[in-house]
Amino acid sequence: MNTKDKILQRISRYLMLHSSFSYNIGLLNGKIGIAIFFYHYMKYSGRKIYSDFADELIHEIYKEIHVNMSLNFKDGLCGIAWGIEYLIKNNFIEGNPDEVLADLDKRIMEWDVRRITDYSLATGLNGIASYVISRFENRKNEYDFIHQDYIFDLIDAMKRNKENTSLPLIKILENIVNRRIITKIDDPVFKIINQTKYNMKKIFESSRSLGIDKSGYAGIGLKLMKISCQ
Numbered sequence: 020m021n022t023k024d025k026i027l028q029r030i031s032r033y034l035m036l037h038s039s040f041s042y043n044i045g046l047l048n049g050k051i052g053i054a055i056f057f058y059h060y061m062k063y064s065g066r067k068i069y070s071d072f073a074d075e076l077i078h079e080i081y082k083e084i085h086v087n088m089s090l091n092f093k094d095g096l097c098g099i100a101w102g103i104e105y106l107i108k109n110n111f112i113e114g115n116p117d118e119v120l121a122d123l124d125k126r127i128m129e130w131d132v133r134r135i136t137d138y139s140l141a142t143g144l145n146g147i148a149s150y151v152i153s154r155f156e157n158r159k160n161e162y163d164f165i166h167q168d169y170i171f172d173l174i175d176a177m178k179r180n181k182e183n184t185s186l187p188l189i190k191i192l193e194n195i196v197n198r199r200i201i202t203k204i205d206d207p208v209f210k211i212i213n214q215t216k217y218n219m220k221k222i223f224e225s226s227r228s229l230g231i232d233k234s235g236y237a238g239i240g241l242k243l244m245k246i247s248c249q
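Following this line, the structure appears as C-alpha cells:
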C-alpha cells in the first residue's frame, strides 16, 4: 500500500470513529460533507463498507435536520440541500431531487434576499446562488421548485456587491432566467477542496476539523483522491 492510500485509510478510520458524534450536519464542516468523502472513497477503494457508513450518516442527517436551522451554505440548509442534490446527481443515493428537496426549497425561498448584505459563499448570497444554480443544472428551466421572481430578487441583491465577487454567479443566474440550459458549473465545494493545503508528513500531528473546509480531514481525503468538479 502506497503512502497516499495509507493516509486515506487513516482518514477514513478517524472519520468513522468521530463523525457520528458531531452535532454539525452541514456541508463544509459537518456530516453531509463527510458523507460525500465516504461515497467517493467507496468508488476509489471498491469497498462497500464505506458507502454503508455514508448511508448511515445520511440517515442521521434526515433525522437531525429541521426547518429552523440556519439557512447558510456552510453549515445550514442551503449547503445540506446542495449536498443531497450532488449525491443524487452522482448516483450515490436514490431519489427525485424535486421531491426530496421540496420542503428545503420552500424554506430557503422564505429567506428575503433583498435584505441581505453578506455576499460570501459561506453565509451569504453567493451561497444561496450556488445552491439555486445547482438545482437548474442540465434541466429545462421550469420554475416549480425555485420561483423565477425569487431568482430576479437574488440577482438584484447580488448586483449590489461592489467587490464584483458575485459576477460569475450573476451571469449564470441570468442565463437561467433567460431559459438557457446550464450544462457546466464550477462547483464551489470542489474549488475549496482544490485549495486545501496539507503536509503529507504532518496531517495527523495537529488538530483539524472533520469536514471539508479549512483543510479538514474530509477535504484532504477528497483532494488526495483528486475529486474535482463533475
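Counting the sequence shown from 1 gives a position; our numbering is that position plus 19.
Note that the Cβ used here is the ideal one computed from N, Cα and C, for glycine as well.
Predicted model, so just to flag it, every value in this text is computed and none were measured.
(Q) With a threshold of 6 Å (Cβ to nearest heavy atom), would residue 69 be considered close to the ligand SAM? (A) No copy of the ligand SAM occurs in the structure displayed, which carries no ligand at all.
Q. Leaving out five residues before and five after residue 27 in sequence, what residues of the same chain have Cβ atoms less than 8 Å from its Cβ?
A. 60, 63, 64, 240, 243 and 244
Q) Buried or exposed: where does residue 22 fall if 16 or more other Cβ atoms within 10 Å of its Cβ makes it buried? A) Sixteen is the threshold: since fewer than 16 other Cβ atoms of the shown chains lie within 10 Å of the Cβ of residue 22, the residue is exposed.
Q. What are the uninterrupted segments assigned as alpha helix (DSSP H) that are 4 or more residues long and contained completely in the segment 161–211, given in chain order?
A. Here the runs fully enclosed are 167–177 and 186–196.
(Q) Within 10 Å of its beta-carbon, does residue 37 have 16 or more other beta-carbons around it, so buried, or fewer, so exposed? (A) exposed
Q: Using 10 angstroms around the beta-carbon of residue 192, count the other beta-carbons present and answer buried if the total reaches 16, otherwise exposed.
A: buried
Q: Name the two residues that bound the continuous alpha helix (DSSP H) containing residue 22.
A: Run containing residue 22: 22–37, per the alpha helix (DSSP H) assignment.
Q: From the DSSP output, in three-state form, read off residue 129 for me.
A: The three-state reading of DSSP puts residue 129 in coil, since its state is none of H, G, I, E or B.
Q: Answer with buried or exposed for residue 104, where buried requires no fewer than 16 other C-beta atoms within 10 angstroms of its C-beta.
A: buried
Q.
Measuring only the C-alpha atoms, how far is residue 90 from residue 237?
A. 22 Å
Q. Rounded to the nearest angstrom, how far is the Cβ of residue 99 from that of residue 45, given a contact under 8 Å?
A. 6 Å
Q. According to the Cβ coordinates, are residue 43 and residue 52 closer than 7 Å?
A. Between residue 43 and residue 52, the C-beta gap is not smaller than 7 Å, which leaves the two residues out of contact.
Q: State whether the segment 206–216 contacts the segment 159–167, with contact taken as three or more CB pairs (one from each stretch) at a distance under 8 Å.
A: no
(Q) Could you pull the DSSP bridge partners for residue 156 from this structure? (A) Residue pairing from DSSP places residue 156 in a beta bridge opposite 201.
(Q) Three Cβ pairs or more, each shorter than 8 Å: is that satisfied between the segment 137–151 and the segment 172–192? (A) yes
Q: Write down the C-beta distance between residue 76 and residue 230 rounded to the nearest angstrom, noting that I regard them as a contact closer than 8 Å.
A: Not quite, the Cβ-Cβ distance comes to about 12 Å (not below 8 Å), so this is no contact.
Q: Can you grab the Cα-Cα spacing for the pair residue 140 / residue 102, in whole Å?
A: 14 Å
Q) Taking just the CA atoms, how far does residue 70 sit from residue 259? A) Here the chain comprises residues numbered 20 to 249, so residue 259 is not present and cannot be evaluated.
Q) Should residue 55 be labelled buried (16 or more other beta-carbon atoms within 10 Å of its own) or exposed? A) buried
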